[in-house]
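Residue numbers (my numbering), protein chains in the order written: chain A, 1 to 380; chain B, 381 to 611.
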């Protein structure tokens with residue numbers, strides 16, 4: 001009887017667990033189906049699932065760029081790096097790249113993510129090496145789901161307007177050539193892969209995503225090549241229910257990202273015009289500094305050494321340099337004052353998205369583990 | 381020709397007059413507390429402090445008095461500085477004095493002080509900035525010179541090192557009542573060893589409170605709203 005009571009409790013617990021899992025799973029699946037349908041409307045003209053697109057149209061995930069701010073405050077002051085403005089650029093520039101890639105009509109969905117997506121079909125990351133109004137230098141890396149590096153190189157662009165004249169221009173056109181080069185290099189890198197290789201990348205991406213959610217179920221599907229890249233060992237059946245669930249979960253995640261992405265774009269539009277002014281200001285300052293340095297080099301004081309005119313020139317040169325530096329800092333502060341609330345809102349939304357995804361992942365993992373347990377009797 | 385003892389005296393005099401800051405201990409003390417609080421708005425006290433002409437006059441008199449036996453033939457006047465140093469040196473000391481006078485003409489300035497930074501904001505001139513991170517004092521540096529700063533006891537010292545051995549240093553000493561500030565500004569030429577110091581005194585004042593809350597923005601410049609008290 002002792003055994004029977006324990007068995008009854010276990011059985012009751014299992015029933016409750018089964019019911020709750022079925023309920024949760026139904027909610028997730030129902031939600032995901034509705035949202036997936038909605039996504040197709042939202043993403044009209046942009047194929048997002050492997051079945052609806054050409055094999056060459058890989059989905060691209062672009063992560064927010066590394067702002068490239070030295071940790072030492074004294075160092076970044078010397079380099080004229082303004083951390084808050086770099087934070088804006090780190091969020092803005094991936095969207096510029098995204099726009100260019102979308103316009104090529106050569107890729108699947110192109111998304112900007114707050115953090116790295118290891119299972120992305122093609123993950124593009126970047127770091128700002130230099131951005132001072134005169135030039136933009138990015139270190140860009142693209143790696144596919146199997147772990148192959150498509151490109152890893154620096155891109156430099158001197159900021160000029162389309163007609164070669166100075167003046168306020170759209171930030172987009174200012175960096176057009178740089179982002180065009182990245183798009184072109186991605187295009188060239190893809191041309192090195194045949195359809196089979198590209199299809200494999202899509203499958204590896206799905207399997208890596210599945211492995212992230214249900215490691216014990218999908219642990220044996222991928223292996224490692226000697227060069228460290230992922231290779232497919234075997235594939236799930238076409239009607240594998242667990243794999244189908246995971247695919248649907250992924251669509252839900254994409255939907256959330258796309259919704260947040262739209263909000264980001266609205267915020268970017270707010271910041272962009274101010275950022276263009278800032279960039280133009282920095283460009284003018286850099287130009288002025290160059291002109292001033294040249295002028296000073298050419299016209300050093302002819303006053304006799306030790307005369308008042310000579311020592312006044314020495315002092316005035318320093319005063320001019322420091323005053324210019326302070327002016328730049330005050331303008332940076334003014335820029336920060338203006339965009340600060342918007343940037344904070346963006347950062348908050350990024351944090352919310354990350355929290356949401358983290359919670360959802362944990363929930364999805366639990367549900368999948370429960371389903372797996374119910375279907376197989378094996379613990380995850 | 382000057383003899384060695386006279387040279388030594390001359391050097392001591394020059395050193396004493398120059399009040400060169402000692403920056404060996406430019407590293408702040410370990411407890412992260414600033415030795416003194418200089419923050420506030422400061423207004424020049426014209427009743428006190430040096431007059432540049434009188435200071436120059438005193439400087440030359442002292443120099444002359446210190447080595448009366450070194451006057452050269454043809455320079456009978458006791459007060460004639462030309463008896464002791466070359467015309468070039470005289471021109472230089474006058475130039476140093478003039479620059480010291482120009483630099484210290486400001487009527488008011490504001491000192492902001494935090495745990496990691498001291499900033500002296502001056503009209504018509506650059507802000508002197510001294511940052512303290514990891515216990516090390518760090519001033520600004522440009523292609524045209526560098527600022528070295530730090531605490532010398534409870535005196536804050538900022539020294540600007542410029543090309544051709546030109547140095548401009550400011551030594552800030554706050555009175556025990558915290559309402560008065562003494563600033564000794566020394567302009568010197570390390571190449572010649574000549575220097576000139578001017579003392580200025582300042583009293584603390586409370587700026588008239590504005591009825592507006594203002595903020596600098598990039599695209600709209602300064603934006604002000606009515607302050608809380610005015611509504």
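Ideal Cβ positions, reconstructed from N, Cα and C, are used throughout, including at glycine.
Sequence-distant residues of its chain with Cβ nearer than 8 Å to residue i (five each side left out)
i: residue 118 of chain A; result: 208, 212
i: residue 436 of chain B; result: 473, 474, 477, 576
Inter-residue CB distance, residue i and residue j (contact presumed, cutoff 8 Å)
i: residue 303 of chain A; j: residue 313 of chain A; result: 7 Å
i: residue 573 of chain B; j: residue 590 of chain B; result: Actually they do not touch by this definition, with Cβ atoms about 48 Å apart.
i: residue 97 of chain A; j: residue 179 of chain A; result: 5 Å
i: residue 552 of chain B; j: residue 418 of chain B; result: 6 Å
i: residue 525 of chain B; j: residue 541 of chain B; result: 6 Å
i: residue 480 of chain B; j: residue 565 of chain B; result: 5 Å
i: residue 143 of chain A; j: residue 332 of chain A; result: Not really, about 34 Å apart at Cβ, beyond 8 Å.
i: residue 141 of chain A; j: residue 125 of chain A; result: 5 Å
Residue i to residue j span [Cα, whole Å]
i: residue 105 of chain A; j: residue 597 of chain B; result: 39 Å
i: residue 31 of chain A; j: residue 246 of chain A; result: In this prediction, residue 31 of chain A scores a pLDDT of 43, lower than 50, which makes its location untrustworthy; no coordinate-derived value is stated.
i: residue 334 of chain A; j: residue 595 of chain B; result: 8 Å
i: residue 59 of chain A; j: residue 204 of chain A; result: 13 Å
i: residue 131 of chain A; j: residue 482 of chain B; result: 38 Å
i: residue 90 of chain A; j: residue 271 of chain A; result: 13 Å
i: residue 107 of chain A; j: residue 357 of chain A; result: 25 Å
i: residue 600 of chain B; j: residue 69 of chain A; result: 27 Å
i: residue 424 of chain B; j: residue 432 of chain B; result: 15 Å
i: residue 186 of chain A; j: residue 505 of chain B; result: 51 Å
i: residue 567 of chain B; j: residue 284 of chain A; result: 34 Å
i: residue 520 of chain B; j: residue 532 of chain B; result: 18 Å
i: residue 517 of chain B; j: residue 528 of chain B; result: 8 Å
i: residue 234 of chain A; j: residue 196 of chain A; result: 15 Å
i: residue 192 of chain A; j: residue 113 of chain A; result: 26 Å
i: residue 502 of chain B; j: residue 466 of chain B; result: 36 Å
i: residue 360 of chain A; j: residue 251 of chain A; result: 13 Å
i: residue 587 of chain B; j: residue 323 of chain A; result: 24 Å
i: residue 306 of chain A; j: residue 268 of chain A; result: 55 Å
i: residue 557 of chain B; j: residue 292 of chain A; result: 46 Å
i: residue 318 of chain A; j: residue 522 of chain B; result: 7 Å
i: residue 488 of chain B; j: residue 427 of chain B; result: 15 Å
i: residue 592 of chain B; j: residue 602 of chain B; result: 11 Å
i: residue 244 of chain A; j: residue 221 of chain A; result: 15 Å
Cross-strand partners of residue i (DSSP beta bridge)
i: residue 606 of chain B; result: B/592
i: residue 582 of chain B; result: B/424, B/561
i: residue 572 of chain B; result: Answer by DSSP bridge pairing: none, since residue 572 of chain B is not bridged.
i: residue 122 of chain A; result: A/60, A/144
i: residue 485 of chain B; result: None; residue 485 of chain B has no bridge partner.
i: residue 222 of chain A; result: A/232
i: residue 155 of chain A; result: A/138
i: residue 508 of chain B; result: B/500
i: residue 382 of chain A; result: Look at the range of chain A in this structure, 1 to 380, and you will see that residue 382 of chain A is not part of it.
From the options, residue whose alpha carbon lies closest to that of residue i
i: residue 495 of chain B; options: B/414, B/427, B/594; result: B/414
i: residue 139 of chain A; options: A/92, A/154, A/327; result: A/154
i: residue 510 of chain B; options: B/538, B/484, B/549; result: B/538
i: residue 353 of chain A; options: A/325, A/86, A/182, A/261; result: A/261
i: residue 216 of chain A; options: A/331, A/66, A/365; result: A/365
i: residue 549 of chain B; options: A/220, A/315, A/309, A/189; result: A/315
i: residue 581 of chain B; options: B/592, B/570, B/559, B/568; result: B/559
i: residue 67 of chain A; options: A/127, A/116, A/56; result: A/127
i: residue 199 of chain A; options: A/122, A/134, A/239; result: A/122
i: residue 273 of chain A; options: A/92, A/87, A/83; result: A/92
i: residue 407 of chain A; options: A/88, A/57, A/55; result: With chain A running from 1 to 380 in the structure shown, residue 407 of chain A is simply not present.
i: residue 281 of chain A; options: A/244, A/368, A/330, A/177; result: A/330
i: residue 259 of chain A; options: A/137, A/151, A/350; result: A/350
i: residue 242 of chain A; options: A/56, A/100, A/348, A/367; result: A/367
i: residue 339 of chain A; options: A/137, A/277, A/238; result: A/277
i: residue 486 of chain B; options: B/507, B/547, B/536, B/523; result: B/507
i: residue 145 of chain A; options: A/152, A/158, A/136, A/201; result: A/201
i: residue 275 of chain A; options: A/320, A/355, A/82; result: A/82
i: residue 287 of chain A; options: A/177, A/231, A/236, A/135; result: A/135
i: residue 54 of chain A; options: A/100, A/109, A/218; result: A/109
Close beta carbons around residue i, own chain, < 7 Å, minus the five adjacent residues each side
i: residue 420 of chain B; result: 491, 584
i: residue 148 of chain A; result: 229
i: residue 484 of chain B; result: 565, 578, 580
i: residue 544 of chain B; result: 571
i: residue 493 of chain B; result: 414, 417, 418, 419
Chain-order list of residues whose beta-carbon lies under 6 Å from that of residue i (same chain, five-residue window excluded)
i: residue 416 of chain B; result: 534, 554
i: residue 120 of chain A; result: 61
i: residue 497 of chain B; result: 511
Residue-chain proximity (residue i, chain C), Cβ-Cβ < 9 Å
i: residue 554 of chain B; result: Among the chains of the structure shown, chain C does not appear; the protein chains present are A and B.
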